[in-house]
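Asker: Pasting a structure below so you can have a look.
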Ligand code: CIR
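In the working numbering, the protein residues as written are 19 to 277.
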């Protein structure tokens, strides 16, 4: 089974984009270039058949373009999260309004739980949930409970000891067909034996955050070995320039909520 998407919610980076959080990426993004890259990302989703809802940038939330962290959109309900960085908590409000029009059931996490959507990877009926610097144990457990009530399975993966992963999906993506792209140092106790692992070469770790959208796989440009690997598995990679979002610790998946 491969989930097919028909819509996506996005938010363009705004004037305060460079003031967002960054630890790994180094900061200093060029807003004009980020906007061009975002435009290309929008066109790519449209080329995959998606109808877009593009929200206005909000100066109060420099990280607001990373919409994925604010919700978990499933085929059975929408769950609005409570992002783990205090500066991002308020982002969920406008996302909830945007999602409300599309979902009859919109659920919420309770304070003080925190969950960033970047820590949540849907693999068909199984959700992998990272416990991270952003997603609390309480949040991961609460989300797992909500998902189980919806009839899904859920598995927690503790990445708090990782030196390379901001979010679980920084180093892991689901391609469909039982295939999981894995880079980075996942804990050995993470039991992912039900999946066929697709490895990412050393030096191409950033590419692990790719996104299967219908008949294509969006992938960061500049990682030729990984793109070739995808092609050899029969996928159709669609490379996108991500340099300015990478500087702010963002990956491909976090720029949209697909449903
Ligand atoms: C942050 O630190 O929250 C943002 N600068 C980047 C968030 C990236 N989100 C994601 O990978 N899911």
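We put the beta carbon where it would ideally sit given N, CA and C, even for glycine.
Can the beta-carbon of residue 258 be found closer than 8 Å to that of residue 226?
Answerer: Counted from its first residue, the chain shown places residue 258 at position 240. Counted from its first residue, the chain shown places residue 226 at position 208. Going by C-beta atoms, residue 258 is not nearer than 8 Å to residue 226.
Asker: Please report the straight-line C-alpha distance between residue 163 and residue 114, rounded to a whole angstrom.
Answerer: The sequence position of residue 163 within the chain shown is 145, counting from 1. The sequence position of residue 114 within the chain shown is 96, counting from 1. Rounded to the nearest angstrom, the two C-alpha atoms are 20 Å apart.
Asker: Among 119, 140, 107, whose alpha-carbon lies nearest the alpha-carbon of residue 171?
Answerer: Start at 1 with the first residue of the chain shown, and residue 171 comes out as number 153. Selected option, being the one with the closest Cα: 140.
Asker: Would the beta-carbon of residue 83 fall within 8 Å of that of residue 256?
Answerer: Translated into the one-based positions of the chain shown, residue 83 becomes position 65. Translated into the one-based positions of the chain shown, residue 256 becomes position 238. Not in contact: residue 83 and residue 256 (Cβ atoms no closer than 8 Å).
Asker: Could you tell me whether the segment 33 to 40 touches the segment 75 to 92, where touching means 3 or more Cβ pairs closer than 8 Å?
Answerer: yes
Asker: The beta strand (DSSP E) with residue 130 in it runs from where to where?
Answerer: Locating residue 130 in the chain shown gives position 112, counting from the first residue. For residue 130, there is no enclosing beta strand (DSSP E), as DSSP marks it with neither H nor E.
Asker: CB-CB under 7 Å to residue 174, same chain, minus the five flanking residues each way: which ones, in chain order?
Answerer: Position 156 of the chain shown holds residue 174. Answer for residue 174: 147, 149, 158, 162, listed in chain order.
Asker: Classify residue 31 as buried or exposed, calling it buried when 16 or more other Cβ atoms lie within 10 Å of its own Cβ.
Answerer: Within the chain shown, the letter at position 13 stands for residue 31. By the 10 Å Cβ count, residue 31 comes out buried.
Asker: Among all the DSSP beta bridges, which residues are the ones paired with residue 255?
Answerer: What you label residue 255 is simply residue 237 of the chain shown in a count that begins at 1. Residue 255 is bridged to 235.
Asker: Should residue 19 be labelled buried (16 or more other beta-carbon atoms within 10 Å of its own) or exposed?
Answerer: Here residue 19 refers to the residue found at position 1 of the chain shown. It is exposed - the Cβ of residue 19 has fewer than 16 other Cβ atoms within 10 Å.
Asker: For residue 130, count neighbouring C-beta atoms within 10 Å of its own C-beta (all shown protein chains included) and say buried if the count is 16 or more, exposed if not.
Answerer: If you number the chain shown from 1, residue 130 lands on position 112. Result: exposed.
Asker: If you measure from the CB of residue 262, is any heavy atom of ligand 1 nearer than 7 Å?
Answerer: Here residue 262 is taken as the residue at index 244 of the chain shown, counted from 1. Result no, Cβ not under 7 Å from ligand 1.
Asker: I need the boundaries of the beta strand (DSSP E) containing residue 91, first residue and last residue.
Answerer: Residue 91 sits at position 73 when you count from the first residue of the chain shown. Unbroken beta strand (DSSP E) run through residue 91: 89 to 91.
Asker: Would you say residue 159 touches ligand 3, meaning its beta carbon is less than 7 Å from a heavy atom?
Answerer: Ligand 3 is not part of the structure shown, which contains ligand 1 as its ligands.
Asker: Would you call the segment 191 to 199 and the segment 212 to 221 touching, i.e. three or more CB-CB distances under 8 Å?
Answerer: Segments in contact, yes.
Asker: At the level of alpha carbons, what is the spacing between residue 209 and residue 33?
Answerer: Indexing the chain shown from 1 puts residue 209 at position 191. Indexing the chain shown from 1 puts residue 33 at position 15. If you take the alpha carbons of residue 209 and residue 33, they lie about 42 Å apart.
Asker: Which residue spans inside the segment 52 to 103 form an unbroken beta strand (DSSP E) run of at least 3?
Answerer: 69 to 73, 89 to 91, 96 to 98
Asker: Leaving out five residues before and five after residue 197 in sequence, what residues of the same chain have Cβ atoms less than 6 Å from its Cβ?
Answerer: Start at 1 with the first residue of the chain shown, and residue 197 comes out as number 179. Cβ within range, chain order: 214, 216.
Asker: Would residue 98 and residue 110 be called neighbours here (beta carbons separated by less than 8 Å)?
Answerer: Start at 1 with the first residue of the chain shown, and residue 98 comes out as number 80. Start at 1 with the first residue of the chain shown, and residue 110 comes out as number 92. Yes; because the gap between Cβ atoms is below 8 Å, this pair is in contact.
Asker: Less than 8 Å between C-beta atoms, sequence neighbours within five positions excluded: which residues of the same chain meet that for residue 55?
Answerer: The sequence position of residue 55 within the chain shown is 37, counting from 1. Correct list, in chain order: 258, 259, 260, 261, 262, 263.
Asker: On the DSSP bridge list, what partners appear for residue 171?
Answerer: The residue you call residue 171 lines up with position 153 of the chain shown. 144.
Asker: Taking C-alpha atoms, which residue in 57, 142, 222 lies nearest to residue 22?
Answerer: Reading the chain shown from its first residue, position 4 is the one you call residue 22. Checking every option, the nearest Cα to that of residue 22 belongs to 142.
Asker: Would you report the Cα separation of residue 134 and residue 76, rounded to the nearest angstrom?
Answerer: Within the chain shown, residue 134 is the residue found at index 116, counting from 1. Within the chain shown, residue 76 is the residue found at index 58, counting from 1. Roughly 19 Å between the two C-alpha positions.
Asker: Just to confirm my understanding: we take residue 155, look at its own chain, exclude 5 residues before and 5 after, and list those with CB closer than 7 Å. What are they?
Answerer: The residue you call residue 155 lines up with position 137 of the chain shown. So the qualifying residues of the chain are 149.
Asker: Could you have a look at residue 218 and say whether DSSP puts it in helix, strand or coil?
Answerer: Here residue 218 is taken as the residue at index 200 of the chain shown, counted from 1. If DSSP states are grouped into helix, strand and coil, residue 218 belongs with coil.
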